[in-house]
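For reference, the structure discussed in these notes is given below.
There are 2 protein chains.
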Amino acid sequence: MPEQVCISLDAMGGDHAPEMVVAGAEIALKRLPHLKFLMFGDEARIKPLLAKYPGLEAVTEVRHASQEVTMDDKPSVALRQRRDSSMRLAINAVKEGDAQGVVSAGNTGALMAMAKFVLKTVRGIDRPAIATYMPTQRGETVMLDLGANIECDENNLVQFALMGEVFARILFGIEKPSVGLLNVGIEELKGNESVKKAAAILREIDLPIRFEGFVEGDDLAKGTVDVIVTDGFTGNVALKTAEGTARLLVHFLRETFKSSFWAKVGYLLARRSLQRFRERMDPRRYNGAMLLGLNGIAVKSHGGTDALGFSNAIGVCHDLIANRLNETIKGELAAFEEAISKAPIDEETIALAAGQAD
Amino acid sequence: MPEQVCISLDAMGGDHAPEMVVAGAEIALKRLPHLKFLMFGDEARIKPLLAKYPGLEAVTEVRHASQEVTMDDKPSVALRQRRDSSMRLAINAVKEGDAQGVVSAGNTGALMAMAKFVLKTVRGIDRPAIATYMPTQRGETVMLDLGANIECDENNLVQFALMGEVFARILFGIEKPSVGLLNVGIEELKGNESVKKAAAILREIDLPIRFEGFVEGDDLAKGTVDVIVTDGFTGNVALKTAEGTARLLVHFLRETFKSSFWAKVGYLLARRSLQRFRERMDPRRYNGAMLLGLNGIAVKSHGGTDALGFSNAIGVCHDLIANRLNETIKGELAAFEEAISKAPIDEETIALAAGQAD
């Protein structure tokens, strides 16, 4: 029987909270019976919901929070003025060791700011990153950063590569995930300085990472590599572009099946298969963005998710806890530092290698 | 009867050149009978192809080029060592006034480098940009830059906005296209310095532009605005991510229709409508990336395109010539400079406005 795992939940975060948080916890518990929960939020609203699920109620402790972080709260405001919010208290519980990880479907910026402030970054990581995984032609791919860091230098990108690799290893159960740096395809104009230098470092240093070099925007859907590393600006745009394009095609497809009598009949006949197509693209399957690089596991669920999607975010949080994500990242960092100390590479070497990358 | 328009063609550029170039010109001529062509390339290969189309042959002058630019040629190499290439001579023809615009399906980096070197940028434009248009839920949207400029400052972005607006006006026939700046959605972390400052300039200055502020990656497919402005790194990644995602969904869909007997029957019944779905997404419809900001019209066709796609790139080139793209851009720039001179905004004003944008 696996060890019990305690996850703290921001019960007030998300468009359909607290109902979907409680119902999502119930679904997760059915799948992972060794879970237990700390739920933070409005006691008067949460307790009646819990009463519907005696099994869940038995493994859940509700702790009252007098405040909520709203979707419009700026991170700095949330940090200063929402110290008794469900989000903040749920994060505090991880810091204090009451829970091993936290899941919230609330305001991303506020969650990042609070988690960073409360949990602090892992030694050796300058900045935390947001990572998620997406469906591809070959399976699934992890991408990071998705918006925590607008401008990144080469060291940030190298650290993202290390963290993303560990994340993919745990998530997909692959021993040696391949890693690529997102870049543009026009020769000689290739890449900004940070990207070129990061590639040079990843190539020059003997790390336990399968670095495959540069990848382009379409490699995301192709699944060319298991991990795609980029700055938060590009990653955020790429993720939203992919989501938007997928929705556009589904919209076109829906119009197509309404456009004629035979198309409607065709749809009816193929609808079971089309249902599986829809399931394959279901964003609820890919619900759970990880805040990597913090002293604690923090998972962000989509704000608009339902109970099923939220249960998947809890599942991701569980897997990262059970597989000791942070210990592995720390081990990886130690190996990185050892490799650097053995073969110190100076600015000149990096610049040279980056030049050759052209 | 419209004025005759002469377009120079790089007959050797593209995977299926010169056959698809000649066949593409024939299709374009059928649609636009007032076209005439200069074709640059291997005379011995082009002339026999032309002989198949007497109508086209009558309005086409073939000029021999002893060299070709390959897809692997670096821009700098192409510039120095391919001075007698079909691409270079086709661009020279625009410079010399023999043709009013050029279309090539060859190496993008080489085309950009040569066109910039030969044609030079319009006065007032610091750097040319690559623009294209894409299908959206509301119609079509122009996006630029797609990779000509990896790092952009606020002035580059403002110039892209001006050029993109004129491009959309001509392409879509809209009087006042709306313009948005691509950004990320996480509050307070919003945008890098260039993006914030460009937004401040576009907001503060009284320009004949409908600036709608920031948009995000998913606004591309939604068609929220008519023109999306971004740096070449982000634009290139976004374009390829959208293309890759569209291909992924079509791949999933194809698998779906093969997955069961009833799905196959459904497909057969709906196939006429699905054919229209495919046509709507057909990349050949969106073939023709424009090199904006040069003293001359230069259009890049997809390298892998067929004759139909190439004819669309010729069509785009024709529309830009007929609608005096460059004269309009110059007029827009003059208005911009006048607005600046009337209400000079200094660094401080921009910084202040950019700060408020948070």
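Top to bottom, those sequences are chains A and B. Under the working numbering, think of the first position of the first sequence as 7, with each following residue one higher. Under the working numbering, think of the first position of the second sequence as 7, with each following residue one higher. C-beta atoms are modelled at their ideal positions from N, C-alpha and C, and glycine is treated no differently. In this text the structure is predicted, and so the values were computed from the model without any measurement.
8 Å contact criterion, which residue i and residue j should meet: CB distance rounded
| i | j | result |
| --- | --- | --- |
| G294(B) | A319(B) | 4 Å |
| I335(B) | V11(B) | The pair is not a contact, with the Cβ atoms about 18 Å apart (cut-off 8 Å). |
| R290(A) | G315(A) | 4 Å |
| L82(B) | G19(B) | Here the sequence assigns Ser to residue 82(B), which means Leu is not the residue at that position. So it is not a contact: roughly 18 Å between Cβ atoms. |
| L298(B) | I176(B) | 11 Å between Cβ atoms; not a contact. |
| A345(A) | D212(A) | 5 Å |
| L163(B) | A227(B) | About 22 Å; that fails the 8 Å criterion. |
| S200(A) | E160(A) | 5 Å |
| A313(B) | A99(B) | With a Cβ gap of about 22 Å, A313(B) and A99(B) do not count as contacting. |
| Q249(B) | D224(A) | Correcting the residue type first, residue 249(B) is Glu in the shown sequence and not Gln. Contact flag correct, Cβ pair sits at about 6 Å. |
| R286(B) | F258(A) | 6 Å |
Under 8 Å between C-beta atoms of residue i and residue j
| i | j | result |
| --- | --- | --- |
| D288(B) | T236(B) | no |
| Y292(A) | P183(A) | no |
| G321(B) | R86(B) | no |
| G238(A) | G153(A) | yes |
| V231(A) | E171(A) | no |
| A244(B) | T247(A) | yes |
| T251(A) | T251(B) | yes |
| E67(A) | L35(A) | no |
| G103(B) | L339(B) | no |
| S266(B) | R278(A) | yes |
| L275(B) | V271(A) | yes |
| M93(A) | A135(A) | no |
| K101(B) | L62(B) | no |
| A84(B) | A119(B) | yes |
| N198(A) | E157(B) | yes |
| L255(B) | L255(A) | yes |
| A96(B) | D16(B) | yes |
| T240(A) | T240(B) | yes |
Cβ neighbours of residue i in the same chain (closer than 7 Å, five flanking residues each side left out)
| i | result |
| --- | --- |
| D79(A) | R88, N113 and A116 |
| E25(A) | L55 |
| A174(B) | V148, I180, P183, D232 and V233 |
| Q73(B) | R88, D90 and S91 |
| A57(B) | E63 |
Residue i (DSSP reduced to helix, strand or coil)
| i | result |
| --- | --- |
| K58(B) | coil |
| L2(B) | For residue 2(B) there is no data in the structure shown, the boundaries of chain B being 7 and 364. |
| A137(A) | strand |
| R277(A) | helix |
| A363(A) | Residue confidence for A363(A) is low, a pLDDT of 43 falling below 50, so the modelled location carries little weight; the figure read from the coordinates is stated next. Reduced to three states, the DSSP call for A363(A) is coil. |
| K306(B) | strand |
| A31(A) | helix |
| T236(A) | coil |
| G315(B) | helix |
| L44(A) | strand |
| A23(B) | coil |
| R129(A) | coil |
| V256(A) | helix |
| E146(B) | strand |
| Q165(B) | helix |
| T66(B) | strand |
| S184(B) | strand |
| E194(A) | Legend: pLDDT at E194(A) = 46, less than 50; position of this residue unreliable, value from coordinates given subsequently. E194(A) falls in the coil class under three-state DSSP. |
| Q106(A) | coil |
Sequence-distant residues of the same chain with beta carbon closer than 6 Å to residue i, five excluded per side
| i | result |
| --- | --- |
| R144(B) | G229 |
| G107(A) | I13, I303, C323 and I327 |
| P8(A) | H40 |
| V190(A) | none |
| R216(A) | K182 and S184 |
| F220(B) | L187 and N189 |
| G309(B) | G20, D21 and A111 |
| M77(A) | N113 |
Check: residue i C-beta below 7 Å from any heavy atom of the ligand GDP
| i | result |
| --- | --- |
| M26(A) | Absence of the ligand GDP from the depicted structure is noted, as is the absence of any ligand whatsoever, leaving it without description. |
8 Å CB neighbourhood of residue i in its chain, flanking five on each side removed
| i | result |
| --- | --- |
| N155(A) | R133, A135, N162, D237 and G238 |
| V128(B) | G299, L300, N301, N332, I335, K336 and L339 |
| F263(B) | A269, K270, G272 and Y273 |
Tell me which residues of the segment 236 to 252 of chain B have at least one Cβ-Cβ distance to chain A shorter than 8 Å, keeping chain order. Within the segment 236 to 252 of chain B, the residues whose Cβ lies closer than 8 Å to some Cβ of chain A are T236, G238, F239, T240, N242, V243, A244, L245, K246, T247, A248, E249, G250, T251 and A252, listed in chain order.
What residues in the segment 214 to 233 of chain A have a beta carbon less than 8 Å from any beta carbon of chain B? Cβ proximity to chain B below 8 Å picks out E222, G223, D224, D225, L226, A227 and K228 from the segment 214 to 233 of chain A.
When you check each C-beta in the segment 111 to 131 of chain B against every C-beta of chain A, which residues fall closer than 7 Å? Per Cβ criterion, the list reads T114 and G115.
Against chain A: residues of the segment 321 to 346 of chain B by CB proximity under 9 Å: For the segment 321 to 346 of chain B, which is checked against every Cβ of chain A, not one residue is closer than 9 Å.
Please identify, using Cβ separations under 7 Å, the residues of the segment 251 to 270 of chain A that lie next to chain B, in order along the chain. Answer in chain order: T251, A252, R253, L254, L255, H257, F258, L259, T262, F263, S265, S266, W268 and A269.
Taking Cβ-Cβ distances below 9 Å as the criterion, which residues of the segment 270 to 290 of chain B are in contact with chain A? Going along the segment 270 to 290 of chain B in chain order, one finds K270, V271, G272, Y273, L274, L275, A276, R277, R278, S279, L280, R282, F283, R286 and M287 with a Cβ nearer than 9 Å to chain A.
With 8 Å as the limit, tell me which residues of the segment 130 to 149 of chain B have their beta carbon closer than that to any beta carbon of chain A; keep them in chain order. Answer set for the segment 130 to 149 of chain B: P141, T142 and Q143.
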